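A.B. asks: Just passing along the structure, written as structure tokens.
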Amino acid sequence: MHQMTLAEIARGLADKKFSSEELTKVLLARIAQLDPQLNSFISLTEDLALQQAKAADVRRANGESGALLGAPIAHKDLFCTQGIRTSCGSKMLDNFKAPYDATVVAKLAAAGAVTLGKTNMDEFAMGSANESSYYGAVKNPWNLEHVPGGSSGGSAAAVAARLLPAATATDTGGSIRQPAAFTNLTGLKPTYGRVSRWGMIAYASSLDQGGPLARTAEDCAILLQGMAGFDANDSTSIDEPVPDYSASLSTSLQGLRIGVPKEYFSAGLDPRIAELIHNSVKELEKLGAVIKEISLPNMQHAIPAYYVIAPAEASSNLSRFDGVRFGHRCEDPKSLEDLYKRSRGEGFGAEVQRRIMVGAYALSAGYYDAYYLKAQKIRRLVKNDFMAAFNEVDIILGPTTPNPAWKLGAKNSDPVAAYLEDVYTITANLAGLPGLSMPAGFVDGLPVGVQLLAPYFQEGRLLNVAHQYQLNTDWHTRTPTGF
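Structure representation (structure tokens):
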């Protein structure tokens, strides 16, 4: 059962080959057996899962149907879940039980999805390796000595190890697509505003976006269908009709114009990954796509702009965690100032403190114009580059990451080296565009991803291209040894 995709589970439940309760028990036992190797979960919700599974079986017995009805999933531990710890991977929220469900959680529960637990993540979603979590690093199931990518590494490792078929995740600078690439999964960052951020604990509000992580494009389409849609509670949610993502999967790629930016193939890209990307291009050409070289001239400025904007927003968002109303509170504070300082100093880890300090500096009087305002101008230039490119092509293709997953601890002493791994993914967040990573091969036994970017609200097109590619390749079917 654990090898089934979401689509296969939906068919099996519809055909009464097994019940949601039976499947849930199998996967919970598998998590208990294998997750100690991976550390992919922060909290398991066995009682809730069995309750939801039984309810889904009753709904099916009463004639209801739906691809997510009775399907097991997990949530990244920054989606608020009522009465369940929502820690954001931080000591600061170790004792926090959310008083309400995030919109994404509520929508998926209404669709009948079964929540097995909350997955591990970089603290407050800040990281590219899933090593900054208060609950310890997550291991990559393809090689337990390597990182699974961050910040959604718990969701990625759990799905890659076949502990469950799919999970929710979030992407601020590549945190869905990069872990997908490192663990041989398909991961989709939707258009900014497509999926509600209400109840999703914020890192950088103008960049954060929730999305699905799964083994196939078909499964991502199913999960995104349940997540997407307008939410009046979220002021950044966009009131745009949600199409049937599964309906467009089988569309032919004949005549599809795919742009390959020349800036992607620089000295920083592992040549073995470059070769795999070129192989993917050839495969899509066989399916009828037309390939064209394009240019994104301002891409080189994206990383410095991102690492001003994101920390600036983080320093503002995280100011609410002060030990007063909720979260970690220091022992015996001597004054209000002492309460603030010690609660935040004890509650936040090193990476979070680093980004808060960078952000506070960038927003401070005398430096706002020099750093933050200039970064926002670069953000507009990056967006303009994409708009010009999409006048010539339908999809942009390139590597998801410049290197395969690195060893645990290898970049801990040099945070900038880890930041540079986001070079291909952050531009989509700066511009608010949808992006997808899909499996494209292996380097030294470690998975490699190819990234697709599309114009606003063209998630269906990304899923269509990935699905057609996966019908003609088998990278996505490979399973890590031992899982």
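The sequence shown begins at 79 in our numbering and counts up one residue at a time.
By construction, the Cβ of each residue, glycine as well, lies at the ideal position given by its N, Cα and C atoms.
A quick note: this is a predicted structure, and the numbers were derived from the prediction, not measured.
1. Kindly indicate which residue of Lys196, Gly144, Gly141 has the alpha-carbon position closest to the one of Leu242.
2. Going by C-alpha to C-alpha distance, which of Lys103, Arg272, Asp155 sits closest to Asn42?
3. Using DSSP's beta-bridge definition, name the partner residues of Phe202.
4. On a Cα-Cα basis, can you pick out the residue from Arg433, Asn117, Lys370 that is closest to Asp472?
5. At what residues does the alpha helix (DSSP H) containing Ile87 begin and finish?
6. Under the three-state reduction of DSSP, which class applies to His554: helix, strand or coil?
7. Can you tell me where the beta strand (DSSP E) with Arg335 in it begins and where it stops?
8. Tell me whether the segment 132–148 and the segment 210–219 touch, counting them as touching only if at least three CB pairs, one residue from each stretch, are closer than 8 Å.
9. From the DSSP output, in three-state form, read off Val368 for me.
10. With distances taken Cα to Cα, identify the nearest neighbour of Leu451 among Thr294, Pro375, Pro114, Ala388.
11. Identify, in the order they occur along the chain, each residue of the same chain with its Cβ nearer than 7 Å to the Cβ of Gly90, setting aside the five sequence neighbours on each side.
12. Would Pro319 be called buried (16 or more neighbouring beta carbons within 10 Å of its own) or exposed?
13. In the DSSP assignment, what residue or residues form a beta bridge with Gln529?
14. Taking Leu374 as the reference, give the member of Gly487, Tyr342, Tyr449, Pro517 with the closest Cα.
15. Among Pro480, Leu541, Glu424, whose alpha-carbon lies nearest the alpha-carbon of Ile351?
16. If you compare alpha carbons, which of Leu362, Ser210, Leu101, Ala259 is closest to Ala234?
17. Ordered along the chain, which non-local residues of its own chain (more than five positions away) have a Cβ less than 6 Å from that of Leu68?
18. Do you know offhand how far Arg137's Cα is from Ser143's?
19. Between Ser253 and chain D, is any beta-carbon pair separated by less than 8 Å?
20. Going by DSSP in three states, Leu302 sits in which element: helix, strand or coil?
21. According to the Cβ coordinates, are Leu362 and Leu331 closer than 8 Å?
22. Tell me the rounded alpha-carbon separation between Ala453 and Val386.
23. For Thr505, is the classification buried or exposed, using 16 other Cβ atoms within 10 angstroms of its Cβ as the cut-off for buried?
24. What residue from Pro533, Tyr439, Glu470 has the CA that sits closest to Ile372's CA?
25. Closer than 6 Å by C-beta to Ala306: which residues in its own chain qualify, once you throw out the five before and the five after it? Chain order, please.
26. With Gly425 and Phe399 assumed to form a contact (beta carbons below 8 Å), what rounded beta-carbon distance in angstroms separates them?
27. For Asn562, which residues does DSSP report across the bridge?
28. Counting Cβ pairs, one atom from each stretch, are 3 or more of them under 8 Å apart for the segment 550–561 and the segment 255–269?
29. My output table needs one value for Pro290: the three-state DSSP class, helix, strand or coil.
30. Quick check: does the Cβ of Arg293 come within less than 7 Å of any heavy atom belonging to the ligand NAP?
31. What residues match up with Phe520 in a beta bridge as DSSP calls it?
32. Write down the C-beta distance between Gly304 and Ala191 rounded to the nearest angstrom, noting that I regard them as a contact closer than 8 Å.
33. When DSSP builds the beta bridges, which residues end up paired with His224?
34. For Glu201, count neighbouring C-beta atoms within 10 Å of its own C-beta (all shown protein chains included) and say buried if the count is 16 or more, exposed if not.
35. With a cut-off of 8 Å on the beta carbons, I'd call Leu354 and Ala518 a contact; round off their distance for me.
36. Among Ala238, Ile316, Ser328, which residue has its Cα nearest to the Cα of Phe561?
C.D. replies: Taking the coordinates as given:
1. Lys196
2. Nothing about residue 42 can be read from this structure; the chain reaches only from 79 to 561.
3. The partner list for Phe202 (beta bridge, DSSP) is empty, contrary to what the question assumes.
4. Lys370
5. 84–92
6. helix
7. 335–339
8. no
9. strand
10. Ala388
11. Met82, Phe96
12. exposed
13. Answer is Gly476, Ser515.
14. Nearest of Gly487, Tyr342, Tyr449, Pro517 to Leu374, Cα basis: Tyr342.
15. Pro480
16. For Ala234, the closest of Leu362, Ser210, Leu101, Ala259 by C-alpha to C-alpha distance is Ala259.
17. Any answer about residue 68 is impossible in this case: the structure gives the chain only from 79 up to 561.
18. Approximately 8 Å between the Cα atoms of the pair.
19. Here chain D cannot be found, since the structure has a single protein chain.
20. If DSSP states are grouped into helix, strand and coil, Leu302 belongs with the helices.
21. In this structure, Leu331 lies closer than 8 Å to Leu362 by Cβ.
22. 7 Å
23. buried
24. In this structure, Glu470 is the residue among Pro533, Tyr439, Glu470 with its C-alpha nearest to the C-alpha of Ile372.
25. Arg272, Val273, Val320
26. 7 Å
27. The structure shown does not extend to residue 562, since the chain is modelled only from 79 through 561, so no value can be given for it.
28. yes
29. strand
30. What this structure holds is no ligand at all, so the ligand NAP is not there to describe.
31. In the DSSP assignment, Phe520 forms a beta bridge with Pro525.
32. 7 Å
33. Per DSSP, Lys485.
34. buried
35. 5 Å
36. Of the candidates Ala238, Ile316, Ser328, the one whose C-alpha sits nearest the C-alpha of Phe561 is Ala238.
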